[in-house]
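Here the structure is laid out as structure tokens; the discussion comes afterwards.
Residue numbers (mature numbering (1 follows the signal peptide of the UniProt record, and there is no 0)): -24 to -1, 1 to 725.
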């Protein structure tokens, strides 16, 4: 669904890391391992690395991307069986775990300009002789948006920039209302599903989303096939299910359909989009935008098409007709297990999806084949007599693209067992060439830094962490640059949504990581027919060196979690991170108060009206609600306790290696369940499926994360009562978390 560098709208890595002493002359310490155990573990990892072969990744990618393999397709099943059979041959207990889910596919797609001139959009991507798979037509899903509503609408067109809430505020200042209109928005600025959602909230009856060449077309570089960027017929498919409300099958949010649990009807499903929405190319968008009149679009809204951008409404009038088959289809999750020799009921779970919109070389096969090579290398280690202490579960999810269907249904199906046994969830998705990207639970931040320290960058020969530090010092924000030189560990990003970690961390409170490489592999292939083997090998990671690097990074992560004496969680970085989030929301509240006070003052003095151009439409803005002073004391007190408990745990950890086996088991169970304390049974306001109180996808950002979401979003929405309630709720979950950390510190006393 998304790639760490191209498809999230906040950087995954928010800062750098400090200069650390050279480790070449000494054995690196490993979280969770004593000196002898660490030496053994590093030897095992060296043996693991020796097994990895780039040619396997290349061959498997060519095979898996030969035909379209979307959810429910014949080749999707073919790939799932291929994965299962490979895993069985390497000694895993592997099977398909099939669920049945809703997957809408298009029946009718019509978009035409009816006034002031006539134009019919082609809605097709043109094959290229330089791209071997692009001429296929059998089983290829045309450009469309899954979970769009059916509709047949004709109305004036309005250009709404990225179609996010701020853009509608700007339109209101221009006196433009989208009620009863069809909107056209650019891709970018938010996850695609936010655009029709906000358009519907403002009364629009249809939504068109196009890829402007400024974002990923000729403005960025040569277009495909000469270069990597989107040509005039390329279109980004995708899901517009209301992901911030809940992922998974929208007819079964929170449960799996069975004899006891009946599916909702389409009309009852809250996550279904309420208006028709369609993606188009910039080739199809140009005549529509050219026909728009009205005011000239604000400077920041203008793209790179050879026109003057106007907002409308009209005189452009468009007809949009969409019909879908709303079918229930099989969703083939591949689940492979290596049983633990000492703690079989502690599960280390590793996943990547295998379904694609069409051929899916970058998204997701680049990550899926790296994961497959990891599993093969583990199989080779098993042949030498090695056994993991904990059970390792390798997963390849189906149905990720339409809305994390396979992983979410699996998590909902097995939630009671996962709550007890899941130690950690380690995710990857699309992978490319460049820098390490990592996001996840901040109790794992120190762990990620150690793993990155021990993986070599294939282009530069330094560690992947060292390379990232250099990039941060050169290109980071002022704060990130300063931290890159002064902080021991780099900061990892927080997880919102957009890939299969979502149900694990957001619904069940299972500590999770999302890892991948990228930043030197930009292009316009995302979710198009041109996300192909030919495009990937020419413009992304052609020698699969970073595919092997991903396997090394996540292979180490799996091995360390599977083998550690004490699970490698750390609480100091988590405490520091939550303190930072709290400082941010306080600052946001202050900024909102100052802004509203200033706005109301100039409004009262009549300044807006006095300064307006009498030849332009003018709408006097409304009075803004001024933020009250909220009581952050409960949260501040919880943070003090959190920091104290993290320090006490760090002190106690030196004695953990001497614990007897029964106490060690007790300690580890407390450790991996600490994240569970950060979820709240009631979930977030208006979206109870999301239960984590520290991280959630933003209600109006989609993939992009909101930290301390209940407090932060209440402030953004000027809901001061809910912000107060959020402070109390977050304080409560942190107090529960502190209790567990203190319990862990006391084991063996």
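Where is the CB? At the ideal position from N, CA and C, for every residue including glycine.
Which listed residue (415, 342, 412, 328) has its alpha carbon closest to that of residue 375: In the chain shown, the residue the question calls residue 375 occupies position 399. The candidate whose alpha carbon is nearest that of residue 375 is 328.
Do the CB positions of residue 292 and residue 254 come within less than 7 angstroms of each other? By one-based count along the chain shown, residue 292 stands at place 316. By one-based count along the chain shown, residue 254 stands at place 278. Going by C-beta atoms, residue 292 is not nearer than 7 angstroms to residue 254.
Who are the Cβ neighbours of residue 277 in its own chain at under 7 angstroms, not counting the five residues just before and after it? Position 301 of the chain shown, counting from 1, holds the residue named residue 277. These residues qualify, in order along the chain: 137, 285.
Contact set for residue 318: own chain, Cβ-Cβ below 8 angstroms, skip 5 residues either direction: Here the question's residue 318 lines up with position 342 in the chain shown. Answer for residue 318: 365, 366, listed in chain order.
With 16 other Cβ atoms within 10 Å as the buried cut-off, status of residue 46: Within the chain shown, residue 46 is the residue found at index 70, counting from 1. It is buried - the Cβ of residue 46 has at least 16 other Cβ atoms within 10 Å.
According to DSSP, is residue 703 helix, strand or coil? Sequence index remark: in the chain shown, residue 703 carries index 727 (1-based). Helix.
Mind the definition here: the stretch 468 to 482 touches the stretch 654 to 673 only if three or more C-beta pairs lie below 8 angstroms; say whether that holds. yes
Spell out whether any CB of chain B is found under 7 angstroms from the CB atom of residue 205. Absent from the structure is chain B; it holds one protein chain and no more.
Rounded C-alpha distance that separates residue 60 from residue 308: Within the chain shown, residue 60 is the residue found at index 84, counting from 1. Within the chain shown, residue 308 is the residue found at index 332, counting from 1. Taking the straight line joining both Cα atoms gives about 11 angstroms.
Between the stretch 596 to 605 and the stretch 508 to 528, can you find at least three pairs of beta-carbon atoms closer than 8 angstroms? no
If you follow the beta strand (DSSP E) that residue 322 is in, where does it begin and where does it stop? What you label residue 322 is simply residue 346 of the chain shown in a count that begins at 1. Looking at the DSSP string, the run of the beta strand (DSSP E) that includes residue 322 is 319 to 329.
From residue -2 to residue 647, what distance separates their C-alpha atoms? As a first step, residue -2 must be located in the chain shown, where it is residue number 23. As a first step, residue 647 must be located in the chain shown, where it is residue number 671. The pLDDT assigned to residue -2 is 36, lower than 50, so where the model puts this residue is not dependable; a value taken from the coordinates is nonetheless given after this. Roughly 28 angstroms between the two C-alpha positions.
Flag this pair as yes or no: are the beta carbons of residue 313 and residue 358 separated by less than 7 angstroms? Along the chain shown, one-based indexing puts residue 313 at 337. Along the chain shown, one-based indexing puts residue 358 at 382. Cβ atoms of residue 313 and residue 358: not closer than 7 angstroms.
Identify the residues that DSSP records as bridge partners of residue 682: which are they? Counting from 1 along the chain shown, the entry for residue 682 is found at position 706. Residue 682 is bridged to 672.
DSSP three-state assignment for residue 394, whether helix, strand or coil: What you label residue 394 is simply residue 418 of the chain shown in a count that begins at 1. Looking at residue 394 - three-state DSSP - the assignment turns out to be helix.
Which value, in whole angstroms, describes the spacing of the CA atoms of residue 563 and residue 577? Sequence index remark: in the chain shown, residue 563 carries index 587 (1-based). Sequence index remark: in the chain shown, residue 577 carries index 601 (1-based). Between residue 563 and residue 577, the C-alpha separation is close to 21 angstroms.
Out of 532, 483, 402, which has the shortest C-alpha to C-alpha gap to residue 389? For the purposes of this step, residue 389 is taken as residue 413 along the chain shown, with counting starting at 1. Comparing Cα-Cα distances from residue 389 to each of 532, 483, 402, the minimum goes to 483.
Under 8 angstroms by Cβ, that's how I've got residue 8 and residue 530 pegged, so tell me the actual separation to the nearest angstrom. Residue mapping note: residue 8 aligns to position 32 of the chain shown, counting from 1. Residue mapping note: residue 530 aligns to position 554 of the chain shown, counting from 1. The Cβ separation is near 17 angstroms, so there is no contact.
Across the stretch 432 to 449 and the stretch 653 to 662, are there enough close Cβ pairs to call them in contact, namely three or more that are closer than 8 angstroms? no
Pick from 11, 5, 17: whose alpha carbon is nearest that of residue 539? Start at 1 with the first residue of the chain shown, and residue 539 comes out as number 563. Of 11, 5, 17, the residue nearest in Cα terms is 17.
Hey, residue 208 and residue 241: beta-carbon distance below 7 angstroms or not? Position 232 of the chain shown, counted from the start, is the residue given in the question as residue 208. Position 265 of the chain shown, counted from the start, is the residue given in the question as residue 241. Between residue 208 and residue 241, the gap from beta carbon to beta carbon reaches 7 angstroms or more.
Between the CA atoms of residue 453 and residue 681 - distance to the nearest angstrom: Position 705 of the chain shown, counted from the first residue, corresponds to residue 681. Position 477 of the chain shown, counted from the first residue, corresponds to residue 453. Cα to Cα, the separation comes out at about 18 angstroms.
Span separating the alpha-carbon of residue 121 from that of residue 174: For the purposes of this step, residue 121 is identified with residue 145 of the chain shown, where counting begins at 1. For the purposes of this step, residue 174 is identified with residue 198 of the chain shown, where counting begins at 1. The alpha-carbon atoms of residue 121 and residue 174 are separated by roughly 16 angstroms.
Counterpart residues of residue 373 in DSSP-defined beta bridges: The residue given as residue 373 occupies position 397 in the chain shown. DSSP, once it has assigned bridges, lists 329 as partnering residue 373.
Express the C-alpha separation of residue 85 and residue 745 in angstroms, rounding to a whole number. In the structure displayed, the chain extends from -24 to 725; residue 745 sits before or after that span and is not available.
Inter-residue Cα distance where the pair is residue 80 and residue 300: Mapped onto the chain shown, residue 80 falls at position 104. Mapped onto the chain shown, residue 300 falls at position 324. Distance between the alpha carbons of residue 80 and residue 300 is about 6 angstroms.
Just to confirm, is the Cβ distance from residue 586 to residue 594 under 7 angstroms? Position 610 of the chain shown, counted from the start, is the residue given in the question as residue 586. Position 618 of the chain shown, counted from the start, is the residue given in the question as residue 594. Going by C-beta atoms, residue 586 is not nearer than 7 angstroms to residue 594.
Return the CA-CA distance between residue 183 and residue 29, expressed in angstroms with no decimal places. Position 207 of the chain shown holds residue 183. Position 53 of the chain shown holds residue 29. So the alpha carbons of these two residues sit roughly 46 angstroms apart.
Identify whether residue 249 lies in helix, strand or coil by the three-state DSSP scheme. If you number the chain shown from 1, residue 249 lands on position 273. Coil at residue 249, not helix or strand.
Counting along the chain, where does the alpha helix (DSSP H) carrying residue 533 start and finish? The residue you call residue 533 lines up with position 557 of the chain shown. Here the alpha helix (DSSP H) through residue 533 covers 521 to 539.
Nearest CA to the CA of residue 518: which residue from 475, 408, 650? The residue given as residue 518 occupies position 542 in the chain shown. Per the Cα distances, 408.
Could you say if the stretch 162 to 169 and the stretch 178 to 193 meet the contact criterion of at least three C-beta pairs nearer than 8 angstroms? yes
Going by the beta-carbon positions, is the gap between residue 325 and residue 411 smaller than 7 angstroms? Along the chain shown, read from residue 1 onward, the residue named residue 325 stands at position 349. Along the chain shown, read from residue 1 onward, the residue named residue 411 stands at position 435. Contact flag unset, no.
Taking its Cβ as the centre, do 16 or more other Cβ atoms sit within 10 Å of residue 443, making it buried, or is it exposed? Counting from 1 along the chain shown, the entry for residue 443 is found at position 467. Per the 10 Å Cβ criterion, buried.
If you pair each beta-carbon of the stretch 701 to 709 with each one of the stretch 486 to 506, do three or more pairs fall below 8 angstroms? In this structure the stretch 701 to 709 does not touch the stretch 486 to 506; the number of beta carbon pairs closer than 8 angstroms is below three.
Under a Cβ-count criterion, where at least 16 other Cβ atoms within 10 Å of its own Cβ denotes burial, should residue 212 be classed as buried or exposed? The count along the chain shown starts at 1 and reaches residue 212 at position 236. Residue 212 is buried by the Cβ-count criterion.
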